[in-house]
Ligand code: ATP
Ligand code: MG
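Numbering (this note's numbering), first residue to last: 270 to 699.
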């Protein structure tokens, strides 16, 4: 016998019974975006490799070692998107969305990175992202942060996450700071690990992001970009923090927060949690005013964030914050007691679904003995079974049996079902 084919490591199936928290979360996100006037954009999951190499940066973890890149049948180099911002910018430029207008966009979907799979880190994972274009003031930075804060509030997560904030300044300020930083690291060269030595020439700011505990003390003493900001960036940052203060949003200024993607400047932020172990960043973003121009467009200010849905769902489940109703249990199991009643049960189900849009009803299909039918009704998880047998057919009635409560069953005319079920769905005692 040939070996069974399995899913690719780090790429997960979402099985029935696991989808409820996702649907709940996605519903919350969609509602939130509408509340803030953000429009959804959907882009292909495959793009030309050059798009990511040019935007994310050649010497980032993502482009160096995490991308799924392949040649298609035409010999073009294509890549499964590792993140959403580059595609969003590409689409906005291609369709003229950035010309003399502002945009507030959001997206959701799968991303692909060849990382070592572990809890909270997968090779296919999902993000929700927000990208705004054409606005350069701290007001929009504050808005995207407040929007994310409201999502945590909606989900009951607000007390479990911390906002970390930093400014990366202008590219000139960053270049000058980079020299200072390299000089500092060179003085402490013996303490740098292998990864950091490699980054010393390619991407020294990323060294600040190292989680290596042996380097922690040395990193704590490194010069801080916050102390070397250009005036305009400092002012932008002060205005942003003043807006957050006014809105009552707490934050921690983390001078070592640099983000892994090259296109960020000025504001950067992360929402982190201590409830998930080492994969503690649930949402990350910032300002990327240079990216549109870098990809061949006119200079266009931009700010956004991306959040990892798997980590968010893990967090919701760890903290038991998925509401009971989100599981989508059935209200009613339509149970013909014999084959003669099947047609009537099917038609009655259609009628009731038409009359009661909130009703969640499932029809018993596939026949079976009386005993096995009752067992299936119970296993369906429904609160009620609607029984139709010989007597009911003869009298035009139906029997409502309570499957989860100690309660007498009800026998009633079919014409009264609508009102009775409506009352039961509304939580009244019919
Ligand atoms: P990390 O430092 O955890 O590798 P990152 O800086 O690579 O994160 P971003 O590219 O900013 O992450 O992506 C935004 C968010 O997407 C992260 O904060 C995280 O919640 C989620 N994310 C990133 N990579 C993965 C992954 N491989 N699996 C699951 N979620 C991920
Ligand atoms: Mg990463």
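Note that the Cβ used here is the ideal one computed from N, Cα and C, for glycine as well.
The Cβ neighbour count for residue 619, taken over all protein chains shown within 10 Å, is under 16; the residue is labelled exposed. With three or more CB-CB distances shorter than 8 Å, the region 404-419 counts as touching the region 511-519.
Here residue 427 is exposed. Its C-beta has fewer than 16 other C-beta atoms within 10 Å. Burial state of residue 634 is exposed, judged by a 10 Å Cβ sphere holding fewer than 16 other Cβ atoms.
Shown here, residue 305 sits in a helix according to DSSP, grouped into three states.
Linking residue 404 to residue 370 through their CA atoms gives a straight-line distance of about 9 Å. For residue 568, no alpha helix (DSSP H) encloses it, and the DSSP letter there is neither H nor E.
Here residue 599 carries a coil assignment [DSSP, helix/strand/coil]. Under the DSSP assignment, residue 487 falls in the alpha helix (DSSP H) whose first and last residues are 485-489.
It is roughly 21 Å from the alpha-carbon of residue 499 to the alpha-carbon of residue 562. For the pair residue 342 and residue 480, the Cα-to-Cα distance works out to about 41 Å. Scanning 574, 534, 527, 538 for the CA closest to the CA of residue 519 turns up 538.
Taking the C-beta atoms as reference points, residue 603 is found nearer than 8 Å to residue 630. Cβ contact annotation for residue 596 (same chain, cutoff 7 Å, sequence separation greater than five): 289, in chain order.
Fully enclosed beta strand (DSSP E) runs of no fewer than 3 residues occupy 431-436 of the region 421-491, in order along the chain.
Taking the C-beta atoms as reference points, residue 556 is found nearer than 8 Å to residue 535. For residue 541 against residue 431, the beta-carbon gap comes to about 5 Å, under 8 Å, which counts as contact. Residue 380 is not a Cβ neighbour of residue 400, given a cutoff of 8 Å.
Sorting 474, 680, 454 by C-alpha distance to the C-alpha of residue 440 places 474 at the top. Setting aside the 5 residues that flank it on each side, residue 453 is surrounded in the same chain by 491, 492, each with a C-beta closer than 7 Å to its C-beta; the list follows chain order.
Less than 8 Å separates the beta-carbon of residue 657 from that of residue 610.
Ligand 1 never approaches residue 318 closely enough for any of its heavy atoms to be under 7 Å from the residue's Cβ. Between residue 576 and residue 396, the C-beta gap is smaller than 8 Å, which places the two residues in contact.
As DSSP reads the structure, residue 396 sits in a beta bridge with 378, 577. At least one heavy atom of ligand 1 sits closer than 7 Å to the Cβ of residue 394. Within the DSSP secondary-structure output, residue 291 pairs in no beta bridge. With a threshold of 16 other beta carbon atoms within 10 Å, residue 521 falls short and is exposed. For residue 522, the beta-bridge partners assigned by DSSP are 434. Going by beta carbons, residue 639 and residue 653 fall outside the 8 Å limit.
Residue 274 counts as exposed, since fewer than 16 other C-beta atoms from the protein chains shown sit within 10 angstroms of its C-beta. Classified as buried, residue 336 has 16 or more neighbouring CB atoms from the shown chains inside 10 Å of its CB.
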